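Per the numbering used here, the sequence shown runs over residues 914 to 1050. We put the beta carbon where it would ideally sit given N, CA and C, even for glycine. No experiment lies behind these values; they were computed from the predicted model shown.
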Amino acid sequence: MKDSPFDFSKTGKEVKGKVITMENVLTKAYELGAEKAKIIGTETIVVEEWVRWKCLYGCPLYGKDAYHPPCAPDAESVKKVLKEYSKAILLNGPKGKAITKTAVRLEGEAYNMGYYKAFALTALSSNSTDSSNAGAT
914 MKDSPFDFSK TGKEVKGKVI TMENVLTKAY ELGAEKAKII GTETIVVEEW VRWKCLYGCP
974 LYGKDAYHPP CAPDAESVKK VLKEYSKAIL LNGPKGKAIT KTAVRLEGEA YNMGYYKAFA
1034 LTALSSNSTD SSNAGAT
């Protein structure tokens, strides 16, 4: 099994004498403000090049922040990194900075629970016109 932030055996990870499982991280997501959260296999995450192209041609925020090309990672880089993980938690919550804050805080909590490769990825709503909506799902 890969050593990913969310890999766990039937007994979970032992941290400071306490067994931590993915379900513990999922519970923490709700505590931090997620309206919905689900454990998924990373092999179910679809990454396609057309998404980047849609931003390259027609998005008013192209080049304005880290959520958009050319700063945002390309599809191949994202696919490569996702292969280093086997599980992820998909979050849904209020649009804008609130869900981004939840994701980033959950990353820190997961790290503290022993999932040292925890990494938060957020998305920007496709109909956003400003970066104040960063992280919308």
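Beta-carbon proximity of residue i to residue j, cut-off 8 Å
{"i": "L945", "j": "L1019", "result": "yes"}
{"i": "M935", "j": "K1000", "result": "yes"}
{"i": "G1051", "j": "E948", "result": "Not covered by the structure: residue 1051. The range shown for the chain is 914 to 1050."}
{"i": "A979", "j": "V960", "result": "no"}
{"i": "L1004", "j": "I1012", "result": "yes"}
Three-state secondary structure (DSSP) of residue i
{"i": "K1014", "result": "helix"}
{"i": "A1001", "result": "strand"}
{"i": "K926", "result": "strand"}
{"i": "A942", "result": "helix"}
Residue environment, residue i, which counts as buried when at least 16 other CB atoms sit within 10 Å
{"i": "V938", "result": "buried"}
{"i": "K926", "result": "buried"}
{"i": "C968", "result": "buried"}
{"i": "T1015", "result": "buried"}
{"i": "I953", "result": "exposed"}
{"i": "Y970", "result": "exposed"}
{"i": "K931", "result": "exposed"}
Alpha-carbon spacing of residue i relative to residue j, whole angstroms
{"i": "L995", "j": "T957", "result": "10 Å"}
{"i": "K951", "j": "E1022", "result": "16 Å"}
{"i": "Y998", "j": "T940", "result": "20 Å"}
{"i": "T955", "j": "C984", "result": "23 Å"}
{"i": "A1036", "j": "I933", "result": "28 Å"}
{"i": "G976", "j": "R965", "result": "12 Å"}
{"i": "P982", "j": "K993", "result": "18 Å"}
Any non-hydrogen atom of the ligand COA within 7 Å of residue i CB
{"i": "G1027", "result": "Absent from the structure shown: the ligand COA. Ligands present: none."}
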